[in-house]
Amino acid sequence: MKRLVPVAVHAALLSATLFALYPVLWVLATALSGAPMRSGRVLPWPEQPTLRHFADVLFRDDAIFFTQLANSLFIAAFTALVAVAIAAPAAYAMARFEFVGKRASLRSLLATQMFPGVAAAIPLYLILDFLNLLDTRTGLILVYGSTVVPFAIFQLRTAFEAIPVDLEEAAMVDGATRAQAFFRVVLPAARPALAVTTLFAFMTAWNEFILAATFLSAESRLTLPVVLQRYVGEHSANWAAFSAGATLVTIPVMALFFWLQRHLVAGLNAGGVKG
Amino acid sequence: MSQRALRCALLACAVASLTCAGQVAAAEAAEPLEPLVLWHAYGDGEAEALRQVLAAFEAAHPGERVHAVRLPFGVLASRLESAVPTGNGPDLFIDAHERLGRYIPRGIVQPLDPSADPDWDATVAQLEPQHVEALRRDGRLYGLPLSAKAVALFINRALVPEGGAPPAGLEAMLRRPLPQGVWPLAIEGEDTYFVAPIFHAFGAKLFEDGRYGLARDGEADPRAVQALERLAGFFRDGLIPPEPSGELVTRLFGGGQAAYAISGPWLAASLPADLDVRVIPLPGLEGAGPMRPFVTVEAIFRAGADAGAEASPAHDVRVAALAGFLAGEESAVLRATVARQVVSHRGAWERFTPDATMLAFRDAARGGVVMPGDARMSQVFEPTTRAIRAVVRGGVDPAVALAEAEARFDDAVRALPEAHDPSLALVLLGALLFIGAVVAVRRSLRAEVRRSLALSLPAWRYVAASFFAVLLLVITPLVVGAAMSLFATDGSEFRYVGLTHYVDILSARGGDLLGQGSFWRVLLVTVVWTALNLLLHVAIGVSLALLLHRPVLRLRAVYRVLLILPWAVPSYVTALSWKGMFHSQYGAVNALLAAVGVEPVHWFSRFGTAFAANITTNVWLGFPFMMVVALGALSAIPKELYEAARVDGASSWQQLRHITLPLLWPPLLPAVAMGAVWTFNMFNVVFLVSGGEPGGSTEILVSEAYRWAFTRGARYGYAAAYAVLIFGILWLGTRSRLVSRAMQ
Amino acid sequence: MAELSLEGIEKTLGSTPILRGVDLDARDGELVVLVGASGCGKSTLLRVIAGLETPDRGRVVLDGRDVTALSPRDRDVAMVFQSYALYPHLSVRDNLVFGLRLQKVARGVIDERVAEVSEMLGLGELLGRLPRELSGGQRQRVAMGRAIARRPKLFLFDEPLSNLDAKLRNKVRVEIKALHRKLRTTTIYVTHDQLEAMTLADRLVVLDRGVVQQVGSPLEVFERPANRFVAGFIGTPPMNLLDVEALDPGLRESLPAGCATLGVRAHQLRAVGEGEALSPGQPRFDVEVLAVEPMGAESWVHGVLAAGEGAAAPAVSADAADGAGRRLIWGSPNWQAPVGERMRWTAEPSALHCFGARGERL
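Chains as they are written, first to last, in the working numbering: chain A, 59 to 333; chain B, 256 to 999; chain C, 499 to 860.
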């Protein structure tokens with residue numbers, strides 16, 4: 059009886075893991091298949107394995123893929139930085155100060171999460187046009203960054219609230235200003251939450267394609283998800299290339315996930331910041 | 256050290272991103288000269304041909320430069336509609352002729368000026384007259400045709416060896432004996448575009464006199480009924496694979512698993528080189544006429560001028576010269592030879608030796624029906640496709656399905672609501688603003704308010720950046736979007752309609768309040784969708800977290816990494832992957848079921864199974880988040896509690912029941928609240944997996960809003976009203992004490 | 499080196515008054531201990547001194563300069579927190595020098611201070627570690643080291659020993675005393691533990707409900723508690739406080755008028771021997787023995803005043819509330835006492851303290 063429990067636990071975890079992996083493996087198998095998949099397959103194993111589709115995606119049109127990869131990386135990285143840079147102080151104020159408009163601000167931030175974005179794309183287009191930021195990376199970074207800010211504020215506020223006030227007070231008695239205490243003590247102490255928030259912001263920008271397709275035109279400025287969409291047109295779909303591209307797009311995020319995963323649990327939870 | 260580094264990096268990056276990006280923008284703005292800008296959405300081959308054509312044009316016109324911008328497929332129309340009116344559009348663009356009806360009233364396109372080009376008439380005379388006619392409106396020529404596309408019949412000669420003249424009817428061909436596992440015909444047999452030739456063969460028209468053609472006043476056209484019955488017979492007899500998609504057609508025919516295929520030139524481009532293929536125009540149907548495909552004419556258009564730009568004759572000449580060159584002989588030869596386009600320039604065909612395939616496509620186009628150019632034509636597709644699916648998948652009576660399609664069509668093209676007098680609203684708005692201002696001023700004069708404002712100042716310094724960013728780029732667009740719900744537009748006209756949209760939505764426009772597609776019914780589906788998803792997210796996430804949290808567990812790290820994988824993959828990728836897995840014939844899910852002896856399930860033909868497919872996908876996407884949150888919450892529960900409970904004699908189950916779960920809940924609540932909002936608005940999964948099938952019954956509110964905004968005639972106002980209602984529901988839903996407690 | 503004086507400090511949080519006009523002086527080099535039950539306002543007072551709270555009224559004067567409006571960083575004080583508040587992301591060394599770095603102290607000086615402090619507190623081997631890798635006692639020492647390294651005008655200690663186990667607490671207490679003797683920096687030390695307060699303080703400040711109850715040397719406070727509260731708070735065990743009504747009528751009459759509570763310390767009681775006659779002025783306490791607590795060198799004999807001569811024995815109850823004002827403890831040199839039986843105790847008249855109805859000393 060006692061021996062059976064670990065077996066059952068592993069069986070449950072294993073089946074969950076298979077459930078989690080299965081569709082991803084299909085994408086990978088499609089990307090690696092040199093011939094159309096036969097029907098009725100259960101195992102996601104490639105048909106006539108080949109790396110051809112990866113090569114096609116990577117090196118078509120003078121390897122513009124790498125330019126687009128650079129765009130995606132640039133936009134996602136700066137989105138994350140801009141979002142965290144402006145959200146962190148705000149989250150700190152929300153966590154530590156009482157001020158006029160705090161409740162209203164928190165409520166509006168929550169409200170932004172509830173409004174479907176469908177209605178916002180066109181006004182956003184007009185605003186970017188007004189700011190002369192259409193078809194620029196800056197415009198997209200600002201849009202993505204602002205979109206992520208409400209969530210980042212909620213996330214970081216919880217983390218900051220979990221940091222003992224003593225730490226900042228100690229810093230201030232030690233001769234720090236409020237701002238110094240924030241930068242030198244609170245931010246570093248909240249590193250797991252910062253890392254996770256950065257990851258979220260990065261992923262949002264990295265995976266978004268509706269706004270990117272609306273605001274960007276030039277081939278050399280497109281981001282990878284927009285490019286990927288092109289492989290699956292209405293009547294002609296190149297699934298192998300799409301899957302290869304999707305795999306390539308996923309790799310950086312996955313790398314970030316694995317790198318940050320030990321922070322992930324701590325960062326999503328207030329309990330994680332305790333020394 | 257490290258904290259200083261962190262801070263510096265943060266600041267430096269924020270500054271650098273703005274300046275860097277700014278420089279990029281500046282560099283872009285400072286491009287020399289003014290090249291003509293040309294937008295297109297060509298695939299790889301055609302884009303290459305275009306590149307060569309433009310190089311030839313620049314060589315022939317010294318000093319002239321053309322900047323070609325390739326837009327993603329499916330984005331071109333919406334980009335044009337937002338860019339041209341705001342002065343961000345191109346000078347010219349290449350698009351299909353049937354969009355004209357939509358573009359003209361919106362000023363997206365303007366007629367080409369023949370006076371600018373001396374060779375104009377000669378050029379036009381060389382072009383296929385049928386194609387030129389498709390581009391004429393009210394006697395004015397809006398574009399020059401470049402090529403035509405129509406579907407034709409592909410024959411796999413390895414499977415159907417005899418060449419020669421095709422037998423009279425399609426049916427005769429399909430009934431030939433074939434090897435085991437080979438489908439007679441690969442066709443997207445549930446898509447209106449591909450089924451249109453069958454309707455045409457029976458003499459039915461999809462669109463006539465601005466009205467739906469397959470049914471009139473609730474009465475289906477008997478010829479259309481016949482056509483649908485014939486099509487349903489093909490499916491029933493196993494002549495056509497079920498749930499076909501473009502990808503499946505390519506896969507089956509390209510993989511030698513289908514003897515025939517009905518598709519367009521794009522199929523030819525994606526077939527393996529060693530496949531022996533013959534292409535012929537579509538044959539006839541037994542007891543009916545020839546299958547005439549829809550013909551789409553791709554043309555070069557001149558983009559509409561934005562209001563601010565000055566008209567310049569020199570510019571007109573440049574544009575006309577480029578358009579003329581693109582449609583002209585040299586260009587046509589290049590496009591035909593490089594990209595195998597069925598070019599509209601008749602003379603060009605003499606300049607090269609077209610192969611049988613190209614000739615077949617040309618004949619197919621000549622024998623086809625030019626797609627009606629009326630803006631309302633675009634609204635024929637969605638209802639008709641749904642009717643076809645209802646018939647072939649759900650066994651619905653064709654007459655009923657077509658009558659319903661007509662109702663859907665009429666709904667989508669219905670006239671805009673009456674304009675209302677905005678003065679009352681303006682007065683109200685003005686009064687509200689005035690009262691608000693007065694209150695604000697009077698309150699700020701009070702001493703204690705001034706004092707607390709002064710005390711708030713330091714905090715606001717921290718909040719200011721976020722405040723402005725969110726206000727400008729999140730809240731303003733949302734408020735403007737919400738305000739759009741008071742206006743009706745079909746793109747060309749904007750009129751204030753007050754609360755008409757809300758009344759329409761909430762009253763189901765006089766129809767059955769719980770009828771198919773009514774707000775209340777979709778709301779019900781959405782609520783069930785949200786509740787089920789959350790339940791499963793939490794149940795699976797918490798269970799896995801509990802398993803992973805066991806004190807002794809081998810491979811814990813491996814499991815944890817693999818279990819968060821669904822989170823790391825972009826959802827549009829995995830949603831499509833899941834959709835493929837739910838295919839009734841080729842999907843892995845049915846293959847798995849077959850392995851345990853379960854009959855294949857047609858996932859998207861019934862509400863329950865389609866809904867289950869959506870839920871499975873979304874549960875897959877969402878459980879890792881809950882798992883990670885639950886893991887963190889678990890690690891925060893003090894171990895002493897369990898020790899105390901064990902001393903008190905609590906069993907493992909009792910410990911779970913009385914310690915773990917009660918203590919897990921509070922930290923989980925915010926995540927659940929957030930998850931509820933996200934799931935309620937989870938557009939990607941519903942749109943990509945079931946797409947609302949069957950018959951729109953699995954649509955949720957946000958995907959319904961999306962359809963009104965983008966696929967059902969650009970009723971942005973109506974869609975915006977949906978968005979506001981969604982917001983209202985969520986706002987009220989999260990006002991409950993449970994959630995507000997979680998917020999604090 | 500600095501003198502601190504607080505003048506009429508008042509502070510209200512929400513609608514609860516926390517400090518109600520506190521005046522206090524700390525002379526240069528003095529170790530002043532603020533002691534009081536939890537919630538008496540001692541920590542708030544310390545935070546007011548540090549500048550972490552702004553008083554509603556009153557002044558904080560440090561070295562003759564009014565610092566009331568200054569932020570903590572401009573006051574040149576150092577504080578040891580109850581939680582230690584070590585920066586979790588910094589090594590011990592970086593924790594020690596955090597303040598110095600902020601003040602842009604030269605690198606050479608910083609190294610000197612680190613050497614000095616780690617020598618003084620035995621932190622040498624810990625310098626490279628992170629706070630989470632330290633034991634409780636080590637963390638406490640780092641927290642002190644961080645304060646010392648700054649060489650501030652004023653040390654503030656906020657219950658620095660409350661997170662240590664009893665044994666370690668005694669050890670560190672001695673260390674703190676020794677450190678103070680060596681550094682001679684003016685120190686304000688907050689604790690709820692009166693024993694800690696007694697042993698450490700040059701001067702003791704007893705606080706209750708936001709009001710200073712008594713200021714004086716530990717001995718003064720112990721021997722002449724200014725009021726009932728102080729009497730009941732200071733000392734181990736605290737002073738026996740008896741309702742005058744419960745006393746033997748003869749004793750009652752000998753007390754000064756207005757005396758509501760009689761106080762006598764446990765160690766100043768003694769048992770009246772068999773057949774011993776008490777002189778007329780000597781108090782007489784007839785008690786029933788409830789329990790005996792052996793403390794090692796002595797035993798605490800708990801008793802309750804008997805209802806009176808010849809009356810029926812009161813119901814013996816261990817319930818503390820029952821009989822408050824009638825219970826008393828005798829610090830007996832003997833191990834044994836007859837539990838459940840009657841005894842007669844007495845004390846020298848000079849050892850009796852009288853408190854009025856409002857608790858004031860008479």
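Note that CB positions come from ideal geometry on N, CA and C, so glycine has one too.
Does the distance from the C-beta atom of B:Arg325 to that of B:Pro290 stay below 7 Å? In this structure, B:Arg325 lies away from B:Pro290, with their beta-carbon atoms at least 7 Å apart.
Out of C:Gly801, C:Ile674, C:Arg637 and C:Leu654, point me to the one whose CA is closest to C:Leu621's CA. C:Arg637
Close Cβ partners of C:Leu705 (< 8 Å) along its chain, the five nearest in sequence each way excluded: Contacts found: Val520, Leu532, Val533, Gly534, Cys538, Gly539, Lys540, Leu543 and Gln711.
What in chain C is Cβ-close to A:Val243, meaning under 7 Å? Tyr585
Buried versus exposed call for B:Pro360 [16 or more other C-beta atoms within 10 Å across all chains shown]: exposed
Tell me, please, which residues DSSP counts as bridged to C:Arg825. C:Val802
Measure from the C-beta of A:Ala228 to each C-beta in chain C and report whether the shortest distance is under 7 Å. yes
Work out the CA separation of C:Leu594 and C:Leu588 for me, nearest whole Å. 9 Å
Going by the beta-carbon positions, is the gap between B:Ala459 and B:Asp476 smaller than 7 Å? In contact: B:Ala459 and B:Asp476 (Cβ atoms closer than 7 Å).
Beta carbon of B:His804 nearer than 7 Å to that of B:Leu889: yes
Cα-Cα separation between B:Arg809 and A:Val65, rounded to whole angstroms: 11 Å
What would DSSP say about A:Phe218, mapped onto helix, strand or coil? helix
Cβ closer than 7 Å: which chain A residues qualify as neighbours of C:Pro570? Result: Met230 and Val231.
C-alpha gap between B:Ile760 and A:Leu184, whole angstroms: So the alpha carbons of these two residues sit roughly 27 Å apart.
Looking at C-alpha atoms only, which residue of B:Ile349, B:Ala582, B:Val572 and B:Ala514 is the closest neighbour of B:Pro373? Ranked by how close their Cα comes to the Cα of B:Pro373, the residues B:Ile349, B:Ala582, B:Val572 and B:Ala514 have B:Val572 in first place.
Tell me whether C:Ala875 sits in a helix, a strand or coil according to DSSP, three-state version. Coverage of chain C is limited to positions 499 through 860, which leaves residue 875 of chain C absent and any answer about it impossible.
Just to confirm the assignment, what range does the beta strand (DSSP E) spanning B:Phe742 have? Residue range Phe742 to Thr744 is occupied by the beta strand (DSSP E) that includes B:Phe742.
Considering only DSSP beta bridges, list what C:Met492 is partnered with. The structure shown does not extend to residue 492 of chain C, since chain C spans only 499 to 860, so no value can be given for it.
Please decide whether A:Leu168 counts as near chain C, where near means a Cβ-Cβ distance under 7 Å. no
Checking the sheet assignment: what are the DSSP bridge partners for C:Ile686? BP columns for C:Ile686 point to C:Val530 and C:Leu654.
Give a yes or no on contact between the segment 829-838 of chain B and the segment 935-951 of chain B, applying the rule of three or more CB pairs nearer than 8 Å. yes
Where the segment 823-843 of chain B meets chain A: residues whose CB sits under 8 Å from a CB there: Ala823, Val824, Pro825, Ser826, Tyr827, Val828, Thr829, Leu831, Ser832, Trp833, Gly835, Met836, Gln840, Tyr841 and Ala843
Going by other Cβ atoms of all chains shown within 10 Å of its Cβ, with 16 needed for buried, is C:Met793 buried or exposed? exposed
Using CA coordinates, which residue listed in C:Lys509, C:Leu681 and C:Asn832 is at the minimum distance from C:Thr566? C:Lys509
Around the Cβ of C:Pro586, are there at least 16 other Cβ atoms within 10 angstroms (buried) or fewer (exposed)? Buried, since its Cβ has 16 or more Cβ neighbours within 10 Å.
CB contact below 7 Å: B:Ala285 versus chain A: Confidence in B:Ala285 is poor, its pLDDT being 44 and thus under 50, which makes the residue's placement too unreliable to answer from.
On the DSSP bridge list, what partners appear for B:Gly424? B:Gly539
Per-residue burial, A:Ile309 [other beta carbons within 10 Å of its own, 16 or more giving buried]: exposed
So the candidates are C:Asp741, C:Asp592 and C:Glu694; which of them puts its Cα closest to the Cα of C:Ala804? The shortest C-alpha separation from C:Ala804 is found at C:Asp741.
Would you report the Cα separation of C:Leu632 and C:Val590, rounded to the nearest angstrom? 9 Å
I need the straight-line Cα distance from C:Ala849 to C:Val762, nearest angstrom please. 6 Å
DSSP state of B:Tyr467, grouped into three classes? B:Tyr467 falls in the strand class under three-state DSSP.
Which residues mark the beginning and the end of the beta strand (DSSP E) in which B:Asn411 is found? Ala407 to Asn411
C:Lys509 in three-state terms, based on DSSP: strand
Identify which residue in C:Val607, C:Gly771, C:Leu826 and C:Glu528 has its Cα closest to the Cα of C:Ala744. For C:Ala744, the closest of C:Val607, C:Gly771, C:Leu826 and C:Glu528 by C-alpha to C-alpha distance is C:Leu826.
Chain A contact residues for B:Pro821, given Cβ-Cβ distances below 7 Å: Ala78
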